[in-house]
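Taken in order, the sequence shown gives residues 0 to 845; the numbers are from numbering that gives the first Met the number 0. C-beta atoms are modelled at their ideal positions from N, C-alpha and C, and glycine is treated no differently. Before any comments, here is the structure.
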Amino acid sequence: MPRDLTASPLQAAPLSCNNRSIPVGATLSAEEIEASIGRDEEVACAASLSPCAGREVYPSPGELMARAAPRIARVADLDELAALLLDQAMELGARAAYLLLTSEDTGELGLHSHRHVPADIRLCLARVARGAPLLDEWAASSGRVQVMSDARSLDPDPSMTRELCARTGAQSAVSMPLRVRDRCLGVLSFCLPRPYPRACVDLGALAALFAIGLDSALARGGSARTSDRVAQELRRASHLERALLEREERFRAIFDGALQFIGLLSPEGIVLENNRAALEFCRATEAETLGRPFWELTGWSPEHRERVRAAVAEAAAGRLVRDEICVNGATGRRFIDFSIKPITDDRGRVVMLLPEGHDITERRQMEQSLRESEEDFRLTFENAPIGMAIVGLGGGFIRVNHVYCEIVGYAADELSRLRFQDITHPDDVDTDVGLVERLRSGEIPRYQLAKRYIHKNGTTIHVVLHTSVVRDEKGEPLHYIAQVEDVTARKQAEEERERLLAQLDAERRTLRTVFDSAPVPLLLVDRSGAERLIANPHARDLTGGAEEREQCVGRVRRPDGTALPLDELPSSRAMRGETILGEELLVAKADGSSGTFLIAAAPIHDSAGEITGAIVAGEDISALKELARMREEWTSIIAHDLRQPITTILLKASRLATEPQSSDRAQHIRASAMQLNRMIDDLLDVSRLESHRLDLRHAEVDLPALIRATVERTADATRGHRVDVEVQDGVPPLLADPGRLEQVLTNLLSNAAKYGAPGTPIRIAVERRSGEVSVAVENEGKGIAPDDVSRLFTRYYRTREAKAGGAAGLGLGLYIVRGLVEAHGGRIWAENAPGKTTFQFTLPLP
0 MPRDLTASPL QAAPLSCNNR SIPVGATLSA EEIEASIGRD EEVACAASLS PCAGREVYPS
60 PGELMARAAP RIARVADLDE LAALLLDQAM ELGARAAYLL LTSEDTGELG LHSHRHVPAD
120 IRLCLARVAR GAPLLDEWAA SSGRVQVMSD ARSLDPDPSM TRELCARTGA QSAVSMPLRV
180 RDRCLGVLSF CLPRPYPRAC VDLGALAALF AIGLDSALAR GGSARTSDRV AQELRRASHL
240 ERALLEREER FRAIFDGALQ FIGLLSPEGI VLENNRAALE FCRATEAETL GRPFWELTGW
300 SPEHRERVRA AVAEAAAGRL VRDEICVNGA TGRRFIDFSI KPITDDRGRV VMLLPEGHDI
360 TERRQMEQSL RESEEDFRLT FENAPIGMAI VGLGGGFIRV NHVYCEIVGY AADELSRLRF
420 QDITHPDDVD TDVGLVERLR SGEIPRYQLA KRYIHKNGTT IHVVLHTSVV RDEKGEPLHY
480 IAQVEDVTAR KQAEEERERL LAQLDAERRT LRTVFDSAPV PLLLVDRSGA ERLIANPHAR
540 DLTGGAEERE QCVGRVRRPD GTALPLDELP SSRAMRGETI LGEELLVAKA DGSSGTFLIA
600 AAPIHDSAGE ITGAIVAGED ISALKELARM REEWTSIIAH DLRQPITTIL LKASRLATEP
660 QSSDRAQHIR ASAMQLNRMI DDLLDVSRLE SHRLDLRHAE VDLPALIRAT VERTADATRG
720 HRVDVEVQDG VPPLLADPGR LEQVLTNLLS NAAKYGAPGT PIRIAVERRS GEVSVAVENE
780 GKGIAPDDVS RLFTRYYRTR EAKAGGAAGL GLGLYIVRGL VEAHGGRIWA ENAPGKTTFQ
840 FTLPLP
């Protein structure tokens with residue numbers, strides 16, 4: 000019995016018509032052959048696909064039929080026909096060929112004629128028993144063309160066919176059953192040097208033609224078939240041959256004209272055919288590709304060879320394989336969309352593999368460029384320093400960046416369920432929607448709008464919105480792109496700026512009113528631009544409308560009458576950063592008169608601390624000076640008149656002191672007279688201080704030595720108290736009036752002894768500080784009441800303790816002390832602590 004071909008590497012290829020299997024020679028007539036030519040194009044094309052395109056190695060069956068049909072029609076002798084059939088096989092490229100005829104008696108096959116068949120094999124073919132392990136017997140028994148694509152796969156059957164291939168150097172074998180009306184007349188077999196690339200259906204048509212010729216030749220030897228019948232069959236066969244040839248040409252045009260790489264493989268992966276696109280891509284010839292394993296072709300990168308081999312095996316198992324692989328093409332490394340499709344016969348057996356490839360390098364590059372472009376857009380969109388949103392035509396949010404989310408307070412997924420109208424301030428919705436409609440209609444290309452959002456937390460957010468529309472190639476709107484800048488802080492800053500400007504304007508008006516209404520002359524030097532003088536009405540009366548400081552030179556003089564140069568004017572000194580407080584100057588008025596003015600001046604600084612101008616104020620104290628002069632004159636007269644009786648009293652007291660019985664009374668009289676004399680001196684000092692006519696006789700003073708001498712001279716006043724003097728090292732000499740300094744120290748020591756607890760020490764500390772010397776006089780006792788501290792240096796003020804204790808004095812001592820210290824450019828103050836009082840004053844260093 001013939002071997003079951005479903006388990007054999009030999010693949011039976013039936014003639015197919017519309018996917019219906021037709022055994023070769025089984026009641027095969029000319030009409031059936033004609034129908035076979037119109038078989039399903041998918042099978043025809045599928046049988047021709049290959050990854051490499053090339054030229055025909057063998058003539059096509061259609062070409063052989065076109066040439067052989069007329070010759071067969073003319074042949075009448077069986078031997079001549081046999082020779083013709085063998086010649087046709089050799090034209091197909093056979094290495095060896097032979098014709099077996101069926102015995103009418105036994106039904107067995109036997110050798111009739113051959114080409115290049117070795118003698119020992121011819122002996123074996125002389126009589127072929129039924130079920131013999133031969134491809135010929137399988138073809139005869141199945142009625143189908145048998146194609147052995149790889150002789151190496153024949154193990155162990157059919158051993159004789161394998162031996163013949165080995166002896167003749169062939170790789171494949173074909174056996175064509177010659178059948179007419181369900182009767183096998185014989186088998187034409189031949190061996191080929193390469194795998195046969197043609198579809199078995201084409202061989203089936205050729206076998207049908209050969210069968211007709213053989214039937215005619217046998218009929219002439221005793222068959223009842225008439226020559227007319229044979230001629231008719233041959234003419235029809237010739238017609239079919241032409242149709243087959245035309246179909247072959249159409250297929251070749253489609254096959255080689257295809258842009259994708261297509262071809263045909265055996266189930267084992269051997270290349271059977273390639274189209275032109277594949278060969279040109281690989282820069283290979285047909286001879287370099289046919290008969291080779293598909294995965295060994297040039298072009299596969301090493302890492303892809305095993306993948307291709309595995310893909311072939313998977314397709315041979317009946318599964319479609321598809322992958323993207325990289326190959327080395329003629330123009331470098333290319334990416335291929337690659338697939339292998341299994342083609343099966345009517346029994347579901349895989350008979351061919353159809354590799355197909357499409358160069359997708361440009362597509363991948365475009366996709367990569369698109370991905371990069373999309374990534375660039377994403378990064379730009381997400382990392383934009385302003386809010387970005389893509390909004391649908393209905394107002395819904397399609398995409399937003401994180402800055403937009405931060406502005407409105409909503410997460411991206413929350414915004415995807417909202418429209419821009421939902422988060423817009425109600426008062427701004429109509430304006431925004433109206434602009435969107437104009438944008439959508441094409442009336443405007445874009446718009447900018449200052450609008451408000453309602454933040455998720457309910458606060459109002461001020462933004463500047465820029466919106467444009469994206470349209471398709473037809474101009475239809477797709478969506479909107481919105482750019483949003485949060486200007487809430489800027490808006491608040493602008494509102495604050497407006498508020499401050501309004502406040503500044505109000506303050507300027509107030510200041511101008513105060514400036515113009517001030518009862519004293521005010522002069523402003525503005526150096527923020529070109530220097531200019533601004534004067535209030537009282538100042539204009541003095542300056543006569545002068546607009547430059549140079550015009551004031553000569554109008555301002557010192558108290559002694561000498562003129563002040565420009566750089567010593569109060570405004571010039573203030574422009575250098577100096578502050579002037581209560582300096583008396585003589586000023587010539589616009590009416591020609593002059594007066595004494597108490598001048599104050601200070602620099603004006605900007606926010607950076609730079610001097611931009613100066614303010615000068617003056618108070619006309621001419622009348623006060625005259626009153627002070629009169630008071631001083633009156634005080635001098637009073638003091639002179641009082642001193643005469645005091646002098647008389649002192650003289651009388653001196654005489655009484657010489658009398659023993661009157662010495663005590665004389666001493667009391669003398670003390671009272673001296674106290675009255677000091678009061679007169681205090682009144683004179685107060686008068687001089689208040690009239691600014693106190694004369695200081697400056698000299699270099701060794702302050703520590705002066706303090707120690709004063710302590711010795713006031714020993715009577717400080718009796719009962721130890722006086723400690725502590726001097727810091729490095730106290731330099733001062734430039735001061737030593738008599739007036741001794742007066743200050745005497746007063747402070749006298750007060751410390753007078754109000755200190757009996758027997759407690761008095762401490763004097765002298766220290767050098769930055770630019771000045773500090774002197775502190777400290778005593779121990781009840782201290783000074785807090786209410787009295789702030790008024791100690793007021794004229795005629797006496798503490799409650801002094802009044803209660805009956806201490807003598809007018810309350811002028813500390814007032815005079817303060818005046819003397821300030822006349823030296825120093826400061827004085829009192830510090831009160833439990834059980835301790837400290838008077839401290841400073842004097843400037845030269």
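The Cβ atoms of Val555 and Leu563 sit closer than 8 Å to each other.
Annotation for Ala505: no beta strand (DSSP E) segment contains it, though the alpha helix (DSSP H) segment containing it runs Thr487 to Ser516. Two segments are said to touch when three or more pairs of C-beta atoms, one from each, lie closer than 8 Å; by this definition the region 769-789 touches the region 829-841. For the set Arg790, Val816 and Arg767, the Cα lying nearest the Cα of Ser749 is the one of Val816. Leu438 and Ser467 have their C-alpha atoms roughly 7 Å apart.
Only buried fits Leu177, as 16 or more other CB atoms lie within 10 angstroms of its CB. Contact fails between the region 293-311 and the region 368-384, because fewer than three Cβ pairs, one in each stretch, are under 8 Å apart.
With a beta-carbon spacing of about 17 Å, Leu733 and Val776 fall beyond the 8 Å limit used to define contacts. Where Ala656 is concerned, there is no enclosing beta strand (DSSP E), because DSSP gives it neither an H nor an E. Out of Ala210, Ile453 and Leu584, the CA that lies nearest to the CA of Ile620 is found in Leu584. When secondary structure is reduced to three states using DSSP, Asn456 falls in the coil class, being assigned neither helix nor strand. Per DSSP, the unbroken beta strand (DSSP E) holding Leu532 starts and ends at Arg531 to Ala534.
Ranking Phe337, Val469, Met351 and Glu361 by CA distance to the CA of Gly391 puts Val469 first. A residue is called buried when at least 16 other Cβ atoms come within 10 angstroms of its Cβ; Arg161 meets this threshold and is buried. A Cβ-Cβ separation of about 6 Å places Ile406 in contact with Val483 under the 8 Å criterion. Closest in alpha carbon position to Ser571, among Asp590, Lys455 and Ala601, is Ala601. For Asp336, the uninterrupted beta strand (DSSP E) run begins and ends at Gly331 to Thr343, by DSSP.
Minimum Cα-Cα distance from Leu378 among the listed residues Leu187, Pro301, Val402 and Gly394 corresponds to Val402. Excluding its 5 nearest sequence neighbours in each direction, Ala383 has C-beta neighbours in its own chain below 7 Å: Asn400 and Val402, listed in chain order.
Here the region 120-130 makes no contact with the region 70-89; the two share fewer than three CB pairs at distances below 8 Å. For Thr288, the uninterrupted alpha helix (DSSP H) run begins and ends at Glu285 to Thr288, by DSSP. Going by beta carbons, Asn778 and Thr713 fall outside the 8 Å limit. Between Cys190 and Leu163 the beta-carbon gap is near 6 Å, inside 8 Å, which marks them as a contact. When the five nearest sequence neighbours on each side are left out, the beta carbons in the same chain lying within less than 6 Å of the beta carbon of Val615 are those of Leu522, Pro569, Ser570 and Ala600, in order along the chain. Residue range Val349 to Asp358 is occupied by the beta strand (DSSP E) that includes Pro354. Excluding its 5 nearest sequence neighbours in each direction, Ile385 has C-beta neighbours in its own chain below 7 Å: Val402, Gln482, Val483 and Glu484, listed in chain order.
Taking Gly825 as the centre and dropping the five residues before and after it, the same chain places the C-beta of Phe840, Thr841 and Leu842 closer than 6 Å to its C-beta, in chain order.
Within its own chain, the residues whose Cβ lies closer than 7 Å to the Cβ of Asp605, once the five positions on either side in sequence are excluded, are Thr611, listed in chain order. Judged by DSSP secondary structure, Trp137 falls within the alpha helix (DSSP H) whose first and last residues are Leu134 to Ser141. Three or more Cβ pairs drawn from the region 260-276 and the region 349-368 lie within less than 8 Å of each other, which places the two stretches in contact. For Leu124, same chain residues with a beta-carbon under 6 Å away, outside a window of 5 residues either side, are Leu110 in chain order. At least 8 Å separates the beta-carbon of Gln170 from that of Gly256.
Taking all protein chains shown into account, Ala698 has fewer than 16 neighbouring C-beta atoms within 10 Å of its C-beta and is therefore exposed.
For Val816, the enclosing alpha helix (DSSP H) has its first and last residue at Gly812 to Ala822. About 6 Å separates the CB atoms of Leu448 and Asp431; that is less than 8 Å, so the two are in contact. Asp590 sits in coil when the DSSP states are folded into three classes, being neither helix nor strand.
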